[in-house]
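Residue numbers (the UniProt record's numbering): 1 to 106.
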């Protein structure tokens with residue numbers, strides 16, 4: 001089991017709009033396709049920063065969920081374009097982490 005920690009940078013001054021879109025559209029859509037969204041945060045030190053965490057059982061589940069979300073027509077035609085408009089995609093940092101043996105997230 002592992003987590004993805006996804007750090008995004010919203011377009012300047014648009015983080016509030018991004019958070020609303022994430023909470024109203026992106027997270028519910030991804031959850032409806034089976035994605036386990038564990039948490040989402042605004043960065044207290046970066047006015048345009050946003051972080052969210054997703055959980056996966058293994059690589060096979062990750063691949064299946066990526067396909068279920070990102071190959072879906074709604075993502076391609078409706079959600080994805082809005083995401084790319086609200087974010088600075090080249091500033092995204094995705095880190096895969098595995099909980100330590102004593103971690104409560106295990």
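Heads up, the beta-carbon is just placed ideally off N, CA and C, and yes, glycines get one too.
As a quick exercise: from the options, pick the residue whose alpha carbon is nearest that of residue i.
i, options, result
"residue 53", "59, 62, 60, 40", "40"
"residue 97", "76, 12, 59", "59"
"residue 32", "100, 94, 99, 69", "69"
"residue 34", "95, 61, 89", "61"
Just to confirm before moving on: does the CB-CB distance between residue i and residue j stay below 9 Å?
i, j, result
"residue 107", "residue 51", "In the structure displayed, the chain extends from 1 to 106; residue 107 sits before or after that span and is not available."
"residue 48", "residue 9", "yes"
"residue 55", "residue 36", "yes"
"residue 3", "residue 38", "yes"
If you count every other CB in all the chains shown that lies within 10 Å of the CB of residue i, and 16 or more means buried, which is it?
i, result
"residue 1", "exposed"
"residue 26", "buried"
"residue 74", "exposed"
"residue 87", "buried"
"residue 11", "exposed"
Check for me: the beta strand (DSSP E) holding residue i runs from which residue to which?
i, result
"residue 88", "Premise fails: residue 88 is in no beta strand (DSSP E) and is neither H nor E."
"residue 53", "49-56"
"residue 69", "That residue, residue 69, is in no beta strand (DSSP E); its alpha helix (DSSP H) goes 59-70."
Give the straight-line distance between the Cα atoms of residue i and residue j, rounded to the nearest whole angstrom.
i, j, result
"residue 77", "residue 102", "42 Å"
"residue 22", "residue 28", "8 Å"
"residue 13", "residue 81", "18 Å"
"residue 44", "residue 64", "33 Å"
Hey, is residue i's beta-carbon within less than 9 Å of any beta-carbon in chain C?
i, result
"residue 48", "The structure shown contains no chain C, having only a single protein chain."
Can you tell me where the alpha helix (DSSP H) holding residue i begins and where it ends?
i, result
"residue 15", "15-21"
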